[in-house]
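Quick notes on the structure that follows.
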Amino acid sequence: MTSTQTAADGLNLVSQGNLDGARAVFMKLIEGGIDLAQAFYGLGVIALKQQNLELAAQQFNNCLKQDPVHSNAMFQLGFIEKRKGNMMMAVRYWQQCLQANPQHGAAKNELASAGHLTASPPPPPPDHQHI
Numbered sequence: 090m091t092s093t094q095t096a097a098d099g100l101n102l103v104s105q106g107n108l109d110g111a112r113a114v115f116m117k118l119i120e121g122g123i124d125l126a127q128a129f130y131g132l133g134v135i136a137l138k139q140q141n142l143e144l145a146a147q148q149f150n151n152c153l154k155q156d157p158v159h160s161n162a163m164f165q166l167g168f169i170e171k172r173k174g175n176m177m178m179a180v181r182y183w184q185q186c187l188q189a190n191p192q193h194g195a196a197k198n199e200l201a202s203a204g205h206l207t208a209s210p211p212p213p214p215p216d217h218q219h220i
C-alpha cells in the first residue's frame, strides 16, 4: 500500500476481486485513523463477498458509528437482514437509508419490491360529484 491510497482505492480492489489487497488498504486506513467510516464499510463489503454476514454486519455498524448517515452501510444492513429472512428489519434499514439519501436507487428498488414503496403516487380518489 502506498501512503496515498484511499478507501476508494480499496473499494476498487474489491471490485477487481483483490480482497486481500483491499483488506490491507482498509486496515492501514483504520490504523492511521483515516477515513474510518469508508474503511469499515469496505471491510463490510469484503465480509459480505465472503458470505460472512455476521462480520459484515459488525463492520457496517462500525461504519455507522463513525458516520451515522452512511446510506450505503444502512442499505447493506438491510440486505443482510433480507438474506437472514428478517424483512421487517430490512425494510427499516432501507427506510433509514432513504432518509439519509433520498436518491438511493437500490433502497428504493428493494422497498418497492417489498411492497413498501410505490414507483408513483397513487391516483387521487374518484370525484363522486355528479354534474
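Here the sequence shown is numbered in the working numbering, starting from 90 and rising by one per residue.
C-beta: ideal position from N, C-alpha, C; glycine also.
Taking DSSP as the reference, what is the three-state secondary structure of VAL158?
The sequence position of residue 158 within the sequence shown is 69, counting from 1. Correct three-state label for VAL158: coil.
For this session: Measure how close the beta-carbons of MET163 and ALA126 come, nearest whole angstrom, since I'm counting them as under 8 Å.
Result: By 1-based counting over the sequence shown, the position of residue 163 is 74. By 1-based counting over the sequence shown, the position of residue 126 is 37. The Cβ separation is near 12 Å, so there is no contact.
- Leaving out five residues before and five after LEU108 in sequence, what residues of the same chain have Cβ atoms less than 6 Å from its Cβ? Against the sequence shown, residue 108 aligns to sequence position 19. ILE135.
| Whose CA, out of LYS171, CYS186 and MET176, lies closest to the CA of LEU153? | As a first step, residue 153 is located in the sequence shown; it is residue number 64 there, counting from the start. That would be CYS186, whose Cα lies nearest to the Cα of LEU153.
**Study point:** Length at least 4, wholly inside the segment 135–196: the alpha helix (DSSP H) runs in chain order
**Key:** 142–155, 160–172 and 176–189
Boundaries of the alpha helix (DSSP H) in which GLY122 is found, first to last residue:
Position 33 of the sequence shown, counted from the first residue, corresponds to residue 122. Counting along the chain, GLY122 falls outside any alpha helix (DSSP H), and DSSP gives it neither H nor E.
> How many Å lie between LYS197 and ILE119 at the Cα?
Replying inline: For this step, residue 197 is matched to residue 108 along the sequence shown. For this step, residue 119 is matched to residue 30 along the sequence shown. Distance between the alpha carbons of LYS197 and ILE119: 31 Å.
Please classify ALA97 as buried or exposed, where buried requires at least 16 neighbouring CB atoms within 10 angstroms. Residue mapping note: residue 97 aligns to position 8 of the sequence shown, counting from 1. Its Cβ having fewer than 16 others within 10 Å, ALA97 is exposed.
Hey, could you find the ends of the alpha helix (DSSP H) ASN101 is sitting in?
Here residue 101 refers to the residue found at position 12 when the sequence shown is read from its first residue. Its alpha helix (DSSP H) spans residues 96–104.
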